[in-house]
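Protein chains in written order, with this note's numbering: chain A, 1 to 111; chain B, 112 to 223.
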Amino acid sequence: DTEVTQTPKHLVMGMTNKKSLKCEQHMGHRAMYWYKQKAKKPPELMFVYSYEKLSINESVPSRFSPECPNSSLLNLHLHALQPEDSALYLCASSHPTGSQYFGPGTRLLVL
Amino acid sequence: GESVGLHLPTLSVQEGDNSIINCAYSNSASDYFIWYKQESGKGPQFIIDIRSNMDKRQGQRVTVLLNKTVKHLSLQIAATQPGDSAVYFCAETPGTASKLTFGTGTRLQVTL
């Protein structure tokens, strides 16, 4: 099973809202990632969790707050987003050494 | 590894022909090289990977070639099908729970 699941598939939120994106994998991977992808561009790394600890933050604004409750789950909490944050948000997972597998993404629209 | 512009290079091939998608990478320290397929509105789908100690790896209808001397990676798709139409990204990583650096992507269009 090489499946990473993400919910919701689509999300529309206002600039004052608080929402969360969720990601789950059951492949036993101990590294999980959040990426942001704008139209016609490659994904850009936001955060890396390794063994449930935040190991990389690519200078992401604090209005994005990641959380890794356990080895299978990864959340991204959103607060006070801007319209330019509208994008496809992708979760990925991997073994600590190995290739990353992506979920289907959450398409976010900030109004 | 930064993408440039909004215009994706496009490769058009006829159904049944072989496709070759090329990619140049920049980091000599990368250990894993990966090809992803991304269809419209979907997340990148893992196709095949290759480690830096190999120069060729084959999967089902796909072959990845790695030339470390010139830092070049290619994906060959045999007997291309309409379902292969998508954007293809190469990516490199040191492989230790680290950042994937993506190429700019190539759009593959399969014509009937």
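Positions of the beta carbon are idealized from the N, C-alpha and C atoms, including for glycine. All values reported here derive from a predicted model rather than from experimental measurement.
Between the CA atoms of residue j and residue i - distance to the nearest angstrom
i      : j      : result
A/Q37  : B/N138 : 22 Å
B/V175 : B/Q149 : 17 Å
A/S65  : B/G127 : 47 Å
A/E44  : A/Y35  : 5 Å
B/N178 : B/G154 : 28 Å
A/T106 : A/L11  : 7 Å
B/I158 : A/M13  : 33 Å
B/Y136 : B/D160 : 14 Å
B/P193 : B/T207 : 35 Å
C-beta contact flag for residue i and residue j at 8 Å
i      : j      : result
A/G103 : A/L88  : no
A/L78  : A/R63  : yes
B/L211 : B/A202 : yes
A/E24  : A/S72  : yes
A/A39  : A/P96  : no
Where the beta strand (DSSP E) containing residue i begins and where it ends
i      : result
B/R218 : 217-222
A/N70  : 64-70
A/K19  : 18-25
A/K53  : 53-57
Residues that residue i bridges to, as DSSP identifies them
i      : result
B/I131 : B/Q187
B/S123 : B/Q220
B/D142 : Paired residue(s): none; B/D142 is not in a bridge.
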